[in-house]
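Structure, as structure tokens:
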Amino acid sequence: MGDAAHDTTPNMGQGACQAIEDAAVLLDELEKHPELELEQIFTRFEHRRISRTTMIVNRSWQMGRIAQLSQPGLVAFRDIAMRCIPNRVSLKQMENIYQTDF
Ligand SMILES: Cc1cc2nc3c(=O)[nH]c(=O)nc-3n(C[C@H](O)[C@H](O)[C@H](O)COP(=O)(O)OP(=O)(O)OC[C@H]3O[C@@H](n4cnc5c(N)ncnc54)[C@H](O)[C@@H]3O)c2cc1C
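The sequence shown begins at 1 in our numbering and counts up one residue at a time.
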């Protein structure tokens, strides 16, 4: 669970958030399936969590690559491009993260 399962770069501030979601999902599985062995619980847990945490790990890594560009031309292009992104696009990206039924 948490960083041990899906440590992420800090660019989205999601590491601890995902660890908390993990805890909530694991608790949910334990409460719903008291008859199952722990290994089976963790298999169900992984199934529920892997696509969301993988998406966040990958997106955070991509954001880090963009944030850490060092070539002046690319930095200038990035800074202009970032300013041009409409608010609705940024909000849509945030919705993907925060409006979820994990
Ligand atoms: C500078 C910084 C800023 C961050 N900012 C954010 C943010 O804004 N938002 C966000 O969501 N996340 C943020 N994170 C990420 C977040 O801190 C981690 O993702 C989160 O703490 C992971 O929780 P965890 O419980 O999985 O692991 P940890 O918090 O690392 O906890 C693991 C615990 O296990 C203990 N441990 C290790 N080995 C053993 C052992 N053998 N026996 C017993 N205990 C052991 C450790 O001492 C530790 O207490 C940030 C991280 C850093 C470093």
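The C-beta atom is built at its ideal place from N, Cα and C for all residues, glycine as well. Source: prediction; values computed, not measured.
Residue i CB to nearest heavy atom of ligand 1 below 8 Å
{"i": "Pro34", "result": "no"}
{"i": "Met63", "result": "no"}
{"i": "Gln14", "result": "yes"}
{"i": "Ala24", "result": "no"}
{"i": "Ala4", "result": "yes"}
Terminal residues of the alpha helix (DSSP H) in which residue i lies
{"i": "Ile80", "result": "72–84"}
{"i": "Phe42", "result": "38–67"}
{"i": "Asn96", "result": "87–98"}
{"i": "Asp22", "result": "15–32"}
{"i": "Asp3", "result": "2–6"}
Cα-Cα separation, residue i to residue j
{"i": "Ala24", "j": "Pro72", "result": "44 Å"}
{"i": "Glu37", "j": "Gln62", "result": "37 Å"}
{"i": "Ile56", "j": "Thr8", "result": "8 Å"}
{"i": "Ile85", "j": "Glu31", "result": "43 Å"}
{"i": "Ala81", "j": "Gly13", "result": "22 Å"}
{"i": "Met94", "j": "Pro10", "result": "16 Å"}
Given 8 Å, three or more beta-carbon pairs between the stretch 44–56 and the stretch 6–21: yes
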